[in-house]
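Q:
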Amino acid sequence: MQELIFHIDPDSPVPRYVQVYRHLKNEIMQGRLLPDARLPSIRNLAASLNLSRNTTQLAYEQLLAEGYVRSENKKGYYVEPLPLSQALPPDFRQVRSQTEEEAPADWIDFRLGAVDPEHFPIEKWRLLSNRALKDSSIYTYGDRQGDLLLRQSIAAYLFQSRGVRATPEQIIVGSSTQQLMYLLGAILGGTFDSVGFEEPGYAGAKDVFRELSYRIEPVPVGPNGVHLESLRQVGSRLLYVTPSHQFPLGMIMPIQHRLALLNWAEEKDGYLIEDDYDSEFRYKQKPIPAMFSLNDNERVIYVGTFSKALLPSVRIGYLILPNALLPHYEKKKLLFEPCASGIHQRTLHYFMEEGHFGAHIKKMRSIYKSKMAKIREAVRNYAPPFVQVNDTTLGLHVILTIQTDLTEDELIKKAADRRLKVYKASMFYETPKNDGRVQLLLGFAGLTEKEIERGLQTLLREVL
Numbered sequence: 048m049q050e051l052i053f054h055i056d057p058d059s060p061v062p063r064y065v066q067v068y069r070h071l072k073n074e075i076m077q078g079r080l081l082p083d084a085r086l087p088s089i090r091n092l093a094a095s096l097n098l099s100r101n102t103t104q105l106a107y108e109q110l111l112a113e114g115y116v117r118s119e120n121k122k123g124y125y126v127e128p129l130p131l132s133q134a135l136p137p138d139f140r141q142v143r144s145q146t147e148e149e150a151p152a153d154w155i156d157f158r159l160g161a162v163d164p165e166h167f168p169i170e171k172w173r174l175l176s177n178r179a180l181k182d183s184s185i186y187t188y189g190d191r192q193g194d195l196l197l198r199q200s201i202a203a204y205l206f207q208s209r210g211v212r213a214t215p216e217q218i219i220v221g222s223s224t225q226q227l228m229y230l231l232g233a234i235l236g237g238t239f240d241s242v243g244f245e246e247p248g249y250a251g252a253k254d255v256f257r258e259l260s261y262r263i264e265p266v267p268v269g270p271n272g273v274h275l276e277s278l279r280q281v282g283s284r285l286l287y288v289t290p291s292h293q294f295p296l297g298m299i300m301p302i303q304h305r306l307a308l309l310n311w312a313e314e315k316d317g318y319l320i321e322d323d324y325d326s327e328f329r330y331k332q333k334p335i336p337a338m339f340s341l342n343d344n345e346r347v348i349y350v351g352t353f354s355k356a357l358l359p360s361v362r363i364g365y366l367i368l369p370n371a372l373l374p375h376y377e378k379k380k381l382l383f384e385p386c387a388s389g390i391h392q393r394t395l396h397y398f399m400e401e402g403h404f405g406a407h408i409k410k411m412r413s414i415y416k417s418k419m420a421k422i423r424e425a426v427r428n429y430a431p432p433f434v435q436v437n438d439t440t441l442g443l444h445v446i447l448t449i450q451t452d453l454t455e456d457e458l459i460k461k462a463a464d465r466r467l468k469v470y471k472a473s474m475f476y477e478t479p480k481n482d483g484r485v486q487l488l489l490g491f492a493g494l495t496e497k498e499i500e501r502g503l504q505t506l507l508r509e510v511l
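Be aware that the sequence shown starts at 48, since it is given in the working numbering, and climbs by one per residue.
1) Considering only residues of the same chain and omitting the five flanking positions on each side of V426, which have a CB-CB separation below 6 Å?
2) Let me make sure I understand the geometry here. Which of W311, P290, L507 and A387 has the alpha-carbon closest to that of S10?
3) With DSSP as the reference, please indicate the residues paired to K468 in a beta bridge.
4) Alpha carbon to alpha carbon, what distance is there between Y287 and L319?
5) Which one of A462, G442, S413 and L373 has the shortest CA to CA distance from Q192?
6) When the Cα atoms are used, what is the spatial distance from L447 to Q225?
7) Taking only runs that begin and end inside the stretch 196-224, name each unbroken beta strand (DSSP E) of 3 or more residues, in chain order.
8) With which residues is D322 paired in a DSSP beta bridge?
9) How big is the Cα-Cα spacing for V67 and I75?
10) Please state whether the Cβ-Cβ distance between P270 and S277 is less than 7 Å.
11) Is it the case that the Cβ atoms of I363 and I185 are separated by a distance below 7 Å?
12) Expressed to the nearest angstrom, what Euclidean distance is found between the alpha-carbon atoms of L205 and P432?
13) If distances are taken between C-alpha atoms only, which option among I234, I219, R329 and K379 comes closest to G351?
14) Rank L467, L488, E477 and R90 by C-alpha distance to the C-alpha of R501 and give the top, closest one.
15) When the Cα atoms are used, what is the spatial distance from D153 to T495?
16) So what does Q486 bridge to, in DSSP terms?
17) Do you know offhand how far K331's Cα is from E258's?
18) Ignoring anything shorter than 4 residues or poking outside the stretch 252-309, list the alpha helix (DSSP H) runs there in chain order.
19) Roughly how many whole angstroms lie between the Cα atoms of P359 and P60?
20) Counting along the chain, where does the beta strand (DSSP E) carrying R427 start and finish?
21) At which residues does the beta strand (DSSP E) containing E119 begin and terminate?
22) Consult DSSP for R85 and reduce its assignment to one of helix, strand or coil.
23) Which of the three DSSP states is assigned to V162 in this structure?
24) Look at the alpha carbon of I348 and the alpha carbon of L308, and state the distance between them as a whole number of angstroms.
25) My understanding is that I201 touches Y365, with C-beta atoms under 8 Å, so please give their C-beta distance in whole angstroms.
26) Which same chain residues end up closer than 7 Å to N177 when comparing Cβ atoms and leaving out the 5 residues on each side of it in sequence?
27) Does the distance from the C-beta atom of F491 to that of K418 stay below 7 Å?
28) I'd like the span of the beta strand (DSSP E) that includes E327, first residue to last.
29) By the three-class DSSP mapping on this structure, what secondary structure does L373 have?
30) Using 7 Å as the threshold, is the C-beta distance between A93 and R85 below it?
31) So, does the stretch 392-401 touch the stretch 158-178, judging by three or more C-beta pairs under 8 Å?
32) On the DSSP bridge assignment, give the partners of V436 in chain order.
33) What separation, rounded to the nearest whole angstrom, lies between the Cα atoms of L230 and Y261?
34) Whole angstroms are fine: how far does the CA of A463 sit from the CA of L196?
35) For a test of the three-state rule: what should DSSP assign to S388, helix, strand or coil?
36) Taking a contact to mean a Cβ-Cβ separation below 7 Å, would you say A337 touches D322 in this structure?
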């Protein structure tokens, strides 16, 4: 155990627990507290700094919440390993980089929908999955609406994290956003025949509503989200929105805009379909309450998934209906068999109930924040003047806007010639732009920081 002695300024306006937190965080980031090093106990650190135990406990809890340390039962607090480029002092980084083997000359895939492959707590998930396999519920098809215990866990989590007040009876568990949109389209069928979508907006949901014979009405997006004047020109009484992280452009809808949309839905006797896309991964501001939490007039249908927060292969999402739509669902409920694995649902309930999900989100938020910073650093270092990156501090992707005479497909082909896979943004527009600019989407969650650095250096210097 490493001894920690540092100065706490009793006259500083910064709270003492924050001073302790900041010092320990800095020691970890600079590599002076090495990965897996055991920290002094709360009692011992408080005694050495002449502070109360509550003060040091608050500091440790903040470090734990942000993923810098972990707590081991009856053992204490330990430093969590961080990405090499962030956690070690420069001299040590240089020695390590010279001894590491070069990564194989393979493709670097900036795909959307990936997650970090190294930090999922697979052993905990396996243990809880084994526990779920001992449950008698696995020998049945399960509740068509979803595992009741999981719906209770989702309700508790959303209330704590997003301010959403919903009962388990309002929650429907499914396998994905698209599958849940099929269900929603069937529930609303006969009452609505069109749906408004952000332009650009999530193509997967548009395709579902098209398949169900809904008319798609694009509504342009401005700096604050959906353009309100344009919205008033559409005939639809449904609007699909991503207010907490507009997909794919990344802006956050301010509260005044959200309230205006609720007023629109009330006036239209319609509904907002709130896709709370990537709401867990915010790197600066605290999460903004979901529109559903402002929903006194019950005009919001809420949809979310666990694909990014857990694993894409754990196909679990959820839909929350306003009370007025529950009778419509009950009439058609028997048409829909459970679409999400009952074993995974029960495992996820245990994972949430025991606190692993919240801890995992906090840890991944720290890791993804570091990767986002690496992307922005690489853009600053290598991007030519005609390339811009969107200004966002959340989510798992960025958009590069390039002023160029080349087409989107030509740029993607040039990237592929250098073993890079990048993605077009035009697929999310109903009417692709033709203004001499090309937008490329770069997902970063599944890449290491080294891959991000190498991939962006190649893309920005040799492709664009």
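C-beta: ideal position from N, C-alpha, C; glycine also.
Computed from a prediction, not measured in an experiment: that's the story for all the values here.
A: On the basis of the data shown:
1) V436
2) There is no way to answer for residue 10, as the model of the chain reaches only from 48 to 511.
3) D156
4) Distance between the alpha carbons of L319 and Y287: 6 Å.
5) L373
6) Rounded to whole angstroms, L447 to Q225 spans 27 Å at the Cα level.
7) 218-221
8) V350
9) 12 Å
10) no
11) no
12) 42 Å
13) I219
14) L467
15) Rounded to the nearest angstrom, the two C-alpha atoms are 13 Å apart.
16) T448, per the DSSP bridge assignment.
17) 39 Å
18) 275-278
19) 45 Å
20) Note, R427: premise wrong, no beta strand (DSSP E); alpha helix (DSSP H) at H403 to Y429.
21) V116 to E119
22) Three-state DSSP puts R85 in a strand.
23) coil
24) 13 Å
25) 6 Å
26) none
27) yes
28) No beta strand (DSSP E) contains E327, which DSSP labels as neither H nor E.
29) helix
30) no
31) Three or more beta-carbon pairs separated by less than 8 Å link the stretch 392-401 to the stretch 158-178, which places the two stretches in contact.
32) L447
33) 13 Å
34) 46 Å
35) coil
36) no
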